[in-house]
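Everything on this sheet refers to the single structure shown next.
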Amino acid sequence: MLRSSAILLARRSKAAAELTSQGVRGLAEAAGKAIKLPPQYGIPGRYAAALYLAASKGNQLEKVEKDLAQISSLMAESKEFSSFVSDPSLPSKVRVQGLDAVLKKMGASDITKRFIDVVLENNRVDELSKILEKFGDIASEQKGQVKAVVTTAEGLTRAEVEQIQTGLKKMLAPGQSLVLEEKVNPSIISGIIVDIGDKHVDMSVLSRVRKLQQIVRDAV
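Note that our numbering has the sequence shown beginning at 2, numbered continuously upward.
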């Protein structure tokens, strides 16, 4: 079992303890002023920004990105691992030890290990998935990448994807590149929903039906 093996094998590092005593603010301060990020709001944004700054200062951005991608995949694919990390009945120290063992086996960087320790000991595990997602957003923004999420009722053909990409690229500023993510949601019936940057465009049949229903309710 992952829980028993992780607990038995793990050893908490002194660096993790020192970092945890400072918290996420300490991590951000330790990162210095090598780069400046746009203001980040909410717990996920602040934690993700602190990690990004630390990884940048330590010249480990690429490694940390890979670490977080592995952690995200593991949480999504292993219910046992996800349950162990988020189990409130286990002392944070036990979870830190267990996750340290997993990260060590994974070959994660020291920055990633220390950061995860901070998240666990500050009882922010419920925000971990959002923190990882926000880190990805920050990393993409710093590379000039703009994420667009396209939702349709059924999968798109290659020709349709290329047509959508061509249209969305016209919305980008010079030097920016498009990262397209496709999602399928049969409940929208037909049409398309596009989320790009801070813009939300809903051209789904479901949206039209809801608008019609609202018009009927208002008329009654």
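In this text, a Cβ means the ideal position worked out from N, Cα and C, and glycines have one as well.
Ranked by Cα distance from Pro89, the options Ala140, Leu104, Glu66 and Arg125 are led by Arg125. Taking C-beta separations shorter than 6 Å and ignoring five residues to either side along the sequence, the partners of Ile194 in its chain run Thr152, Asp203 and Ser205, following chain order. Going by beta carbons, Leu75 and Phe82 fall inside the 8 Å limit. Taken in chain order, the whole alpha helix (DSSP H) runs of length 4 or more contained in the region 100-147 are 111-122 and 129-143. Inter-residue distance for Val150 and Gly156 is about 13 Å (C-alpha atoms, whole angstroms). Judged by beta-carbon spacing, Ile112 lies beyond the 8 Å limit of Ala154, meaning their Cβ atoms are not closer than that value. Contact check for Ala49 against Lys135 passes: the beta carbons are separated by less than 8 Å.
Taking the CA atoms as reference points, Lys105 sits about 22 Å from Gly137. Annotation for Lys184: no alpha helix (DSSP H) segment contains it, though the beta strand (DSSP E) segment containing it runs Ser178 to Val185. Here Asp196 carries a strand assignment [DSSP, helix/strand/coil].
The way I'd put it, the region 168-178 doesn't touch the region 116-125; fewer than three beta-carbon pairs between them come closer than 8 Å.
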